[in-house]
Each structure stands twice: as structure tokens, then as C-alpha cells.
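Numbering (UniProt numbering), first residue to last: 1 to 164. Ideal Cβ placement from N, Cα and C applies to all residues, glycine included. A short write-up of the structure that comes next.
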């Protein structure tokens with residue numbers, strides 16, 4: 001997801017193109033948010049004792065906790081979020097999707113080896129590489145946003161392009 005090295009390239013070539021500011025400076029604005037990117041971040045980062053947060057039924061809830069608290073923070077700061085969910089990936093992305101699947105397969109094999117060896121740090125690292133946002137994650141996040149009264153849209157293609 002994203003373009004590797006883009007931030008550094010922009011910083012080197014056009015340092016004034018990116019301006020950092022405080023969240024309060026966005027008060028009253030509508031902001032488009034790439035929902036799939038957020039869900040991916042939350043599935044990786046929102047954890048307890050090294051594992052994703054889960055319900056009593058064992059269902060993953062990290063993506064819901066992250067979405068809920070980020071949305072609350074935006075609303076508390078007077079920002080009106082509009083979440084944009086990915087649609088069908090473009091045909092030209094099929095090669096990239098194949099590469100990602102191969103990397104996931106490699107990570108699964110490495111995880112199996114790390115588990116056999118009892119290498120805790122490696123287990124954590126490879127578990128993170130296996131994270132994938134599913135249709136179920138997206139649908140659950142949409143339901144949460146609907147219940148919160150926060151708008152979302154389904155992009156015809158990539159959410160990132162729709163946000164731009």
C-alpha cells in the first residue's frame with residue numbers, strides 16, 4: 001500500500017510541498033479518509049499483549065476500536081470525516097496483488113519456522129506481515145460508521161484516488 005520512498009522523495013525534491021500542522025487547524029473542514037489504509041493500520045497497531053483485540057467470540061475487533069477512537073478524535077476537533085472504501089482494484093494492479101500474495105506465502109512459511117523455534121520477536125514480525133483487510137473488516141467498519149452517523153462512500157476503484 002502506498003508508494004515506497006514517496007515521503008522521502010517529496011522531502012528531498014519539494015520540501016515545502018508538505019506542511020505539518022496541529023489537528024485544531026482543521027476545525028470545520030471535511031476530510032476524506034482512505035478507510036482501507038486505516039483498517040490495515042489498526043489491524044497491525046491496535047493490540048493487547050502482542051495479539052489483535054478480539055470479542056468474547058474470538059472475532060477480531062482491532063479495526064473497530066481504531067476506527068471508533070480515531071473518528072471520535074476527529075469529531076471532537078470539529079473535523080467532519082468521510083471514509084472512502086476501496087472498490088474493485090484496477091487491472092494494472094494485478095501484478096502487484098500477485099507479488100503481495102507471494103510475500104504473504106513467504107511470511108507464512110517464516111512464521112511457521114519461527115513458531116517451531118519459539119522465536120517470539122519473529123513470530124510477532126511475521127504475524128504483522130500476514131495482516132490483510134478483508135471484506136468482513138470493511139463491512140463491520142461501515143456498520144460502525146453508520147451507527148455513529150458518520151458518512152462513508154464506496155469508491156469505484158482505489159479509495160486513495162477517490163480521496164484525492
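Nearest in C-alpha terms to residue 62, of all of 84, 44 and 76, is 44.
If you draw a straight line from the Cα of residue 29 to the Cα of residue 115, it comes to about 47 angstroms.
By the criterion of at least three beta-carbon pairs nearer than 8 angstroms, the segment 143 to 151 is in contact with the segment 68 to 77. Here residue 26 carries a helix assignment [DSSP, helix/strand/coil]. According to the DSSP secondary-structure assignment, residue 103 is paired through a beta bridge with no residue. Excluding five sequence positions before and after residue 161, the CB atoms of its chain that fall closer than 8 angstroms to its own CB belong to 155, given in chain order. With a cut-off of 8 angstroms on Cβ pairs, the segment 15 to 25 is not in contact with the segment 35 to 43, counting fewer than three such pairs. The distance from the Cβ of residue 153 to that of residue 82 is about 7 angstroms, consistent with a contact at the 8 angstroms cut-off.
A direct Cα-to-Cα measurement between residue 60 and residue 79 gives close to 28 angstroms. The Cβ-Cβ distance between residue 75 and residue 140 does not fall below 8 angstroms. For residue 153, the enclosing beta strand (DSSP E) has its first and last residue at 152 to 154. When secondary structure is reduced to three states using DSSP, residue 132 falls in the coil class, being assigned neither helix nor strand.
Put simply, the backbone Cα of residue 32 is about 31 angstroms away from that of residue 102.
In the structure shown, residue 60 adopts extended strand secondary structure according to DSSP, grouped into three states. For residue 26, the closest of 138, 13 and 73 by C-alpha to C-alpha distance is 73. For residue 12, the three-state secondary structure derived from DSSP is helix.
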